[in-house]
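*Asks:*
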Amino acid sequence: MFATINYSDIPQERYTQLNKQLEALITGEKNRIANLSNASALLNHFLDRINWVGFYLMEDGELCLGPFQGLPACIRIPLGKGVCGTSAERRETLVVEDVNAFPGHIACDAASQSEIVIPLVKDGEVIGVLDIDSPELNRFSEDDRKGLESFVEILMQHL
Numbered sequence: 001m002f003a004t005i006n007y008s009d010i011p012q013e014r015y016t017q018l019n020k021q022l023e024a025l026i027t028g029e030k031n032r033i034a035n036l037s038n039a040s041a042l043l044n045h046f047l048d049r050i051n052w053v054g055f056y057l058m059e060d061g062e063l064c065l066g067p068f069q070g071l072p073a074c075i076r077i078p079l080g081k082g083v084c085g086t087s088a089e090r091r092e093t094l095v096v097e098d099v100n101a102f103p104g105h106i107a108c109d110a111a112s113q114s115e116i117v118i119p120l121v122k123d124g125e126v127i128g129v130l131d132i133d134s135p136e137l138n139r140f141s142e143d144d145r146k147g148l149e150s151f152v153e154i155l156m157q158h159l
């Protein structure tokens with residue numbers, strides 16, 4: 001069961017608290033869509049200064065919109081295209097300080113100014129990405145990258 005808590009002001013402690021909440025939400029549940037839905041809702045509650053958070057899942061060789069929080073979004077993204085497709089193709093986290101400077105950026109929401117995308121890798125295969133957008137330039141820090149990568153590691157143990 002989810003309970004609202006007061007998060008620490010120390011980034012590493014905040015992400016530790018977040019990850020404990022994620023574990024509590026998804027442990028024992030086998031439905032992938034339910035777990036991704038709760039994960040996106042949890043991140044939407046946890047992160048400030050964001051305007052979109054959610055998942056794109058691999059389907060027929062491209063990314064397809066999955067559970068998310070925010071405005072309606074692009075449905076399909078080819079591998080290698082935009083920040084999400086590039087992250088999935090490279091199998092690496094991308095932190096983009098200014099999305100308008102990213103070659104081939106796909107603007108699903110014109111308000112988005114910065115973005116972080118973490119690939120979801122299960123048994124050596126990319127199964128999707130976690131995508132988070134912010135209306136602020138340079139919103140995502142190194143602490144966010146590390147914390148969100150650990151969040152995804154926990155999530156992958158339950159998908």
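If you read the sequence shown in this note's numbering, its first letter stands for residue 1, the second for the next number, and so on.
Quick reminder that beta carbons are idealized off the backbone N, C-alpha and C, glycines included.
Excluding five sequence neighbours on each side, which residues of the same chain lie with their C-beta closer than 7 Å to the C-beta of L137?
*Replies:* E97, D98, Q113 and S114
*Asks:* Which same chain residues end up closer than 8 Å to V81 when comparing Cβ atoms and leaving out the 5 residues on each side of it in sequence?
*Replies:* The sequence shown places Lys at residue 81, not Val. The residues are G104 and I106.
*Asks:* Return the residue from the list K146, Y56, N6 and D9 that minimises the CA-CA distance to A40.
*Replies:* Note that residue 40 corresponds to Ser in the displayed sequence, not to Ala. Per the Cα distances, Y56.
*Asks:* Under DSSP, the alpha helix (DSSP H) around S37 begins and ends at which residues?
*Replies:* R32 to F46
*Asks:* In the structure shown, what three-state DSSP assignment does L94 receive?
*Replies:* The answer is strand: DSSP assigns L94 an E or B state.
*Asks:* Please name the residue in C108, E149, Y7 and L79 whose C-alpha comes closest to that of D60.
*Replies:* L79
*Asks:* Suppose contacts are defined by Cβ-Cβ distances below 8 Å. Is E142 in contact with P119 by that definition?
*Replies:* no
*Asks:* Suppose the cutoff is 6 Å on Cβ atoms and the five residues either side in sequence are ignored; what does the same chain contact list for G147 look like?
*Replies:* Cβ within range, chain order: Y15.
*Asks:* Does the beta-carbon of D9 have 16 or more other beta-carbons within 10 angstroms, so that it is buried, or is it exposed?
*Replies:* exposed
*Asks:* Report the partner residues of F68 according to the DSSP bridge assignment.
*Replies:* The beta-bridge partner set that DSSP reports for F68 consists of G54.
*Asks:* Using CA atoms only, rank isn't needed, just tell me which of V83, T27, I50 and E89 is closest to D144.
*Replies:* I50
*Asks:* Is the separation between the beta-carbon of I33 and that of Q17 shorter than 8 Å?
*Replies:* no
*Asks:* Give the C-beta separation of F102 and V83 to the nearest angstrom, bearing in mind that I take them to be a contact with Cβ-Cβ under 8 Å.
*Replies:* 6 Å
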